[in-house]
Amino acid sequence: MAIEHDFFGLLESGPDGSIFWSENVEFGDQSVTVDLTAPDQDDVSAEALDVAASMVSSLEAIDLAARNAMVNELDSRTSEVTEYILQQQATLGEELEDLLTDVSGDTHIDVIKALQLMSMTILADEHGGADPFAVLEYALDPDATDDVLLVNLASDGSVQSVTSAD
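Residue 243 is where the sequence shown ends in the working numbering, and the numbering goes up by one at each step.
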């Protein structure tokens, strides 16, 4: 069986009924890997695919909302964002400044600005549920795949949480 969608095209299911779609989407001056997945195509509605397509099409606005959520987390010394930035400062030391795109003197904000959006994973079967519908993966250094921040989005595009990968 397969599902056809205007944006995603033909989504064929694997032998276990799962579906998977992957594409590199140009975003600013970088390429972002976008994956859409579901363990059972029967759990994926046309509305979920429409919402997913809308998210991919509005990646710039989604990225801005995610970064604003990270900034809001800076108020808490124990937030995952604050911990991530402190870890990057401790690990990279003076080399941190080389990774920053803008040096304003507010290192925390500068790190958030410099984070690269590496990927967006859409969990199409989670539409309307309590679990994340989409997960954005950010890294300061694209080669450091363990040092990432994950922004979890609900199907309405709102930020549910920001966590680190560990």
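For glycine and all other residues, C-beta sits at the position ideal for the given N, C-alpha and C.
Nearest neighbour of N101, chosen from V188, D112, P116, E124 [CA to CA]: D112
Distance, I189 Cα to T168 Cα: 16 angstroms
Opposing strand residues paired with Q164 [DSSP bridges]: Paired residue(s): none; Q164 is not in a bridge.
Candidates D119, F104, L194, N229, of which the one nearest A207 by Cα: N229
Contact set for V180: own chain, Cβ-Cβ below 8 angstroms, skip 5 residues either direction: E174, D187
Residues bridged to I199 (per DSSP): L113, A211
Segment contact flag, the segment 102-122 with the segment 156-163, C-beta cutoff 8 angstroms, min 3 pairs: no
Per-residue DSSP class, three states only, for A242: coil
C-alpha distance - S209 paired with S235, whole-angstrom precision: Per the sequence shown, residue 209 should be read as Pro rather than Ser. Roughly 10 angstroms separates the two Cα atoms.
Integer Cβ distance of A191 from L176, believed to fall under 8 angstroms: 6 angstroms
CA-to-CA distance, E81 to S153, given in whole angstroms: 45 angstroms
C-beta atoms of H204 and S122 nearer than 8 angstroms: yes
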